[in-house]
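Chemist: Can you read through this structure? Questions will come right after.
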Amino acid sequence: MQLNRLKFSMQLALIFVLSISDVFAQSLPPIPILKPWEFGQAPASSTNKTIDVDEKQQQLSSYFKKSATLLNNIAFFDANELRTAVNDTVYVGDVPDDTLVITGTYFNNGPVLVFNDGVLIMESATATILGDIYVFQDGKLSVNNSTLNMPQQYFYQRGIIVANQGDVFINNSTLDFSGLSHSLTVVHDGSFVMNNVNNIGFTTAGGYNHAQIAIDSTNLAGEFIMQDNASFQFSNCNTLLLWHQFPASAVINYSFPANGTVANYQFNNLVPGVSGINYNVTVSNCTDVMWSLMPVNGSDVTISNSTLRVIGAWFTNGDSAAVSGLVNNSNYASFTAPLNDRVLQLNNCSVQTWSLYVFDSSYIDVTGCIIGELGTLNRSRADAQNILCDGSGGYYWSSDTTLGIVFNSTILGSLRSERNSILLFAYGSVSGSASAVGNSLLVVTQTTVPQDPIPYNGGTVWFSYLNQPSGLFVDTIVTLNGSAWIDSGPDGAPYDFDSYILSYSAVSNPNSWIPMGISSANEVHNGFLGDWNTNGLVPGGYNLRVQTISNFGDTIEAIRQVTLLPSIVGLNEDIFQDWILSQVNGQPYFISGSDFKGDCLMEIYDVNGSVLASEKVLVNDSRQQLRFDYNLNTSGVYLINIKNGKHSKTFKWVKE
356 MQLNRLKFSM QLALIFVLSI SDVFAQSLPP IPILKPWEFG QAPASSTNKT IDVDEKQQQL
416 SSYFKKSATL LNNIAFFDAN ELRTAVNDTV YVGDVPDDTL VITGTYFNNG PVLVFNDGVL
476 IMESATATIL GDIYVFQDGK LSVNNSTLNM PQQYFYQRGI IVANQGDVFI NNSTLDFSGL
536 SHSLTVVHDG SFVMNNVNNI GFTTAGGYNH AQIAIDSTNL AGEFIMQDNA SFQFSNCNTL
596 LLWHQFPASA VINYSFPANG TVANYQFNNL VPGVSGINYN VTVSNCTDVM WSLMPVNGSD
656 VTISNSTLRV IGAWFTNGDS AAVSGLVNNS NYASFTAPLN DRVLQLNNCS VQTWSLYVFD
716 SSYIDVTGCI IGELGTLNRS RADAQNILCD GSGGYYWSSD TTLGIVFNST ILGSLRSERN
776 SILLFAYGSV SGSASAVGNS LLVVTQTTVP QDPIPYNGGT VWFSYLNQPS GLFVDTIVTL
836 NGSAWIDSGP DGAPYDFDSY ILSYSAVSNP NSWIPMGISS ANEVHNGFLG DWNTNGLVPG
896 GYNLRVQTIS NFGDTIEAIR QVTLLPSIVG LNEDIFQDWI LSQVNGQPYF ISGSDFKGDC
956 LMEIYDVNGS VLASEKVLVN DSRQQLRFDY NLNTSGVYLI NIKNGKHSKT FKWVKE
């Protein structure tokens, strides 16, 4: 298959796009978390009171209703939640000295925003929030002796975002994210403090600007991306993955301590061999600690005598790079990463996982790699061909307004498009889930998946697939099954299904497509697509194609190559009584007959038309007997075709 068979002419103008600042975009984390923004000060109300829970849920906030400018500036406010923000969002801080205290059982079908000088207190509560929690400006959130449930349908659906001078303190409590990965983002001068917390789910966190994150005593800390001037403190934590981001200014020559139990560890610009970074991290009495790197293009990094859980390479500032030869679970005596945009030298190191993250307008072309995760952000693009993404670093994803094209590759984990991105996956396999969230578009063509890809929110999935047909003989009617559909999530989306059409071409003339009939206006989910009439066709190779057409006239095609066999209409074992197939004591098979002699071509097929063996054989002139070694020990029905320049015969053999 060639990539140019894929006719992909999407109307990008129809996809809703959030514009973002180029300056801030460069500092966005390589994870599908919501992106915080710089806020203006909100106009203060003259009212000063504390509102109870019921009133908070029911009120229509005049502050957010009238302040359209501020609402538009909350770019981290997910577009899907924005649709229901008026009725289902709890606002704490739309009046001066606003305080909301939650005790007992509490439920909110939407996000929570704490801003201005608002204070939200959960004390001895069991709170369920079907949305994200945003704490920004001078907002405060305190969770004490409580259970905070943030249920998720899919990983990274929920998160906590702390911005400006916002503060979050969680003490003696449980955080339940349905046992799935979730996000934590702390930016500007925000702080996040957690003490004695049971975490049900895996936290992917980032600390940026002058953020402060301090965690003491938790069963599952998670992974933390460290950059800018942020400060991190971890004590008595279990399962801690530390991402050391090395910016373009970094010059590193360092050896990490052993993984596992770490009594004391500190990493900052004062450590010998470390320069060009401004963050600070301290670790004390933590278990299951893992070391990871995020080297940015332009950095100069040498790591020696270390066991690295992940290296996640960043591509930023309009970078353009070809990536190949990165392989998970590798041991390197002396290895210079094949990346010409940076220096990354590994001496006596092991790397469990390689991952790739693409930012702003950067572009990468990935071939021949075994990686753990690949993600695109901002307006970047990643093309990948002949790769294996084993999921050991996460999943394969696109976000923001990016474009991803993946061809002839295998994903052992999950595949997902997010926010307003477009992700095309063709002629490969996905072992985990495939989905489109936000307002994204996921196109999957001629790819095996364990179940139909799922559109969530305002996402769209476009799926085309032709199953392997059976009974592939000339002068018959071949049934074609598969899928041809375009579905959107519950919030709806511009793209919809219009029709599909079937056609075929000979492998010898691949661009001459012959329609099998008229187009169909009915979606098909793993069912009957149509019939292929093979009467009058000659045996040989053919391309079968289903074209799925959108309501805008865009077309995605799925192509499968098949072999059409000679007709066996009325064929049975009695027709060729002069042919004898024999095997004695496990020796090679012999076919004896009277129709052929000399050099012949013998081919063995299964009932689906797949060629199991093809070899030149010599028919003995005296006994007119040929010998072949192919193992047919498996029970089933086989077709054996023998031909020379003058004759061709096919006979069926049932192996019991």
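Note that the sequence shown covers residues 356 to 1011 in the numbering used here. Ideal Cβ placement from N, Cα and C applies to all residues, glycine included.
(1) My assumption, with CB atoms under 8 Å, is that Ser647 sits in contact with Val665. Please give the rounded CB distance.
(2) Return the chain-ordered list of same chain residues with a C-beta closer than 6 Å to the C-beta of Ile488, the five sequence neighbours on each side being excluded.
(3) Between the beta-carbon of Phe714 and the beta-carbon of Ser685, is there less than 8 Å?
(4) With 16 other CB atoms within 10 Å as the buried threshold, where does Gly793 fall?
(5) Under 7 Å Cβ to Cβ from Leu884, same chain only, skipping five residues before and after it: list those, please.
(6) Determine the burial state of Leu595: buried for a count of at least 16 other Cβ atoms within 10 Å of its Cβ, exposed for fewer.
(7) Any contact of the stretch 600-614 with the stretch 542-555, i.e. 3+ C-beta pairs under 8 Å?
(8) Extract the residue ranges of the beta strand (DSSP E) inside the stretch 528-612, only unbroken runs of 3 or more that lie entirely within it.
(9) Just the C-alpha distance for Asn999 and Cys955, rounded to the nearest angstrom, thanks.
(10) Count the other C-beta atoms from every protein chain shown that fall within 10 angstroms of the C-beta of Gln492, then say buried if there are 16 or more, exposed otherwise.
(11) Apart from the five residues on each side of it in sequence, which residues of its chain come closer than 7 Å, Cβ to Cβ, to Asn464?
(12) Considering only C-alpha positions, which residue in the set Ala605, Cys641, Ala968, Pro612 is nearest to Asn624?
(13) When the Cα of Thr889 is compared with those of Leu920, Thr903, Val638, Gly730, which residue comes out closest?
(14) For Ser546 and Gly562, I'd like the C-alpha separation in whole angstroms.
(15) Am I right that Ser572 and Asn591 are in contact with their C-beta atoms under 8 Å? What's the rounded C-beta distance?
(16) What did DSSP end up calling Asp449 once you bin it into helix, strand or coil?
(17) DSSP three-state call for Ile488: helix, strand or coil?
(18) Taking 8 Å as the cut-off, does the stretch 770-779 touch the stretch 740-756 (at least 3 CB pairs, one atom from each stretch)?
(19) Expressed to the nearest angstrom, what Euclidean distance is found between the alpha-carbon atoms of Pro894 and Thr800?
(20) Can you tell me which of Gly896, Phe852, Val638 puts its alpha carbon nearest to the alpha carbon of Asp909?
(21) Just how far apart, CA to CA, sit Leu743 and Thr722?
(22) If I follow the unbroken beta strand (DSSP E) through Asp643, where does it start and stop?
(23) Quick check: the Cα distance between Tyr782 and Gly673, rounded to an integer number of angstroms?
(24) Counting pairs of beta carbons, one from the stretch 633-640 and one from the stretch 680-698, are three or more of them closer than 8 Å?
(25) Short check: CB of Ser786 to CB of Pro808, under 8 Å?
(26) By Cβ distance, which residues of its chain are closer than 6 Å to Ile525, with the 5 residues on each side in sequence left out?
(27) Pull up the distance between the alpha-carbon of Ser788 and that of Ile726, whole angstroms please.
(28) Quick check: what's the CA-CA separation for Ala560 versus Asp738?
(29) Quick one: grab the DSSP three-state call for Lys472.
(30) Determine the direct distance from the alpha carbon of Thr460 to that of Asn500, and round the result to whole angstroms.
(31) Measuring CB to CB, does Phe670 end up less than 8 Å from Ala677?
(32) What did DSSP end up calling Asp745 once you bin it into helix, strand or coil?
(33) Short of 6 Å in beta carbon distance, which residues of its chain neighbour Asn619, apart from the five on each side in sequence? Order them along the chain.
(34) Can you tell me whether Glu478 is buried or exposed, with buried defined as 16 or more other CB within 10 angstroms of its CB?
(35) I'd like to check one pair, Asp655 with Val698: are the Cβ atoms closer than 8 Å?
(36) So, are the CB atoms of Gly896 and Thr918 less than 8 Å apart?
Modeler: With the given structure in hand:
(1) Position 292 of the sequence shown, counted from the first residue, corresponds to residue 647. Position 310 of the sequence shown, counted from the first residue, corresponds to residue 665. Confirmed, about 4 Å.
(2) In the sequence shown, residue 488 corresponds to position 133, counting from 1. Counting only Cβ-Cβ distances below 6 Å, and skipping sequence neighbours, we find Val467, Ile515.
(3) Position 359 of the sequence shown, counting from 1, holds the residue named residue 714. Position 330 of the sequence shown, counting from 1, holds the residue named residue 685. No, these two residues do not count as a Cβ contact at 8 Å.
(4) Translated into the one-based positions of the sequence shown, residue 793 becomes position 438. Classification for Gly793: buried.
(5) Here residue 884 refers to the residue found at position 529 of the sequence shown. Around Leu884: Leu835, Asn836, Gly837, Ala839, Leu857, Val901.
(6) Counting from 1 along the sequence shown, the entry for residue 595 is found at position 240. The residue in question, Leu595, is buried, as its Cβ has 16 or more Cβ neighbours within 10 Å.
(7) no
(8) 537-541, 546-555, 558-562, 567-573, 577-581, 586-601, 606-609
(9) Within the sequence shown, the letter at position 644 stands for residue 999. Within the sequence shown, the letter at position 600 stands for residue 955. Each residue's alpha carbon lies about 5 Å from the other.
(10) Locating residue 492 in the sequence shown gives position 137, counting from the first residue. That one is buried.
(11) Walking along the sequence shown from the start, residue 464 turns up at place 109. Closer than 7 Å at the Cβ level, and outside the excluded window around Asn464, lie Asp443, Leu485.
(12) As a working mapping, residue 624 is identified with position 269 in the sequence shown. Checked all of Ala605, Cys641, Ala968, Pro612; the closest Cα to Asn624 is Ala605.
(13) Working through the sequence shown from its first residue, we reach residue 889 at position 534. Taking only the C-alpha atoms, the option nearest Thr889 is Leu920.
(14) Looking up residue 546 in the sequence shown gives position 191. Looking up residue 562 in the sequence shown gives position 207. Distance between the alpha carbons of Ser546 and Gly562: 9 Å.
(15) On the sequence shown, position 217 is the one that residue 572 refers to. On the sequence shown, position 236 is the one that residue 591 refers to. Ser572 to Asn591, Cβ: 4 Å. Contact.
(16) Residue mapping note: residue 449 aligns to position 94 of the sequence shown, counting from 1. Reduced to three states, the DSSP call for Asp449 is coil.
(17) To locate residue 488, count along the sequence shown from 1; it is residue 133. Note: Ile488 maps to strand in three-state DSSP.
(18) yes
(19) Indexing the sequence shown from 1 puts residue 894 at position 539. Indexing the sequence shown from 1 puts residue 800 at position 445. Cα to Cα, the separation comes out at about 27 Å.
(20) Indexing the sequence shown from 1 puts residue 909 at position 554. The candidate whose alpha carbon is nearest that of Asp909 is Phe852.
(21) What you label residue 743 is simply residue 388 of the sequence shown in a count that begins at 1. What you label residue 722 is simply residue 367 of the sequence shown in a count that begins at 1. Approximately 9 Å, taken between the alpha carbons.
(22) One-based indexing of the sequence shown puts residue 643 at position 288. First-last of the beta strand (DSSP E) with Asp643: 635-650.
(23) Residue numbering aside, residue 782 sits at position 427 when the sequence shown is read from its first letter. Residue numbering aside, residue 673 sits at position 318 when the sequence shown is read from its first letter. Approximately 29 Å, taken between the alpha carbons.
(24) no
(25) Start at 1 with the first residue of the sequence shown, and residue 786 comes out as number 431. Start at 1 with the first residue of the sequence shown, and residue 808 comes out as number 453. No, these two residues do not count as a Cβ contact at 8 Å.
(26) Mapped onto the sequence shown, residue 525 falls at position 170. Within the same chain, Ile525 has close Cβ partners Val498, Met549, Val552.
(27) Translated into the one-based positions of the sequence shown, residue 788 becomes position 433. Translated into the one-based positions of the sequence shown, residue 726 becomes position 371. Distance between the alpha carbons of Ser788 and Ile726 is about 18 Å.
(28) One-based indexing of the sequence shown puts residue 560 at position 205. One-based indexing of the sequence shown puts residue 738 at position 383. Roughly 27 Å between the two C-alpha positions.
(29) Taking the sequence shown and counting its residues from 1, one reaches residue 472 at position 117. According to the sequence as given, residue 472 is Asp; it is not Lys. It is coil, neither helix nor strand.
(30) In the sequence shown, the residue the question calls residue 500 occupies position 145. In the sequence shown, the residue the question calls residue 460 occupies position 105. One C-alpha to the other measures close to 13 Å.
(31) By 1-based counting over the sequence shown, the position of residue 670 is 315. By 1-based counting over the sequence shown, the position of residue 677 is 322. No. Outside cutoff.
(32) Against the sequence shown, residue 745 aligns to sequence position 390. Correct three-state label for Asp745: coil.
(33) Here residue 619 refers to the residue found at position 264 when the sequence shown is read from its first residue. Cβ within range, chain order: Ser639.
(34) Here residue 478 corresponds to residue number 123 of the sequence shown, with the count starting at 1. Exposed: under 16 other Cβ atoms inside 10 Å.
(35) Here residue 698 refers to the residue found at position 343 of the sequence shown. Here residue 655 refers to the residue found at position 300 of the sequence shown. The answer is yes: Cβ separation under 8 Å.
(36) Here residue 896 corresponds to residue number 541 of the sequence shown, with the count starting at 1. Here residue 918 corresponds to residue number 563 of the sequence shown, with the count starting at 1. Yes, they are a contact pair.
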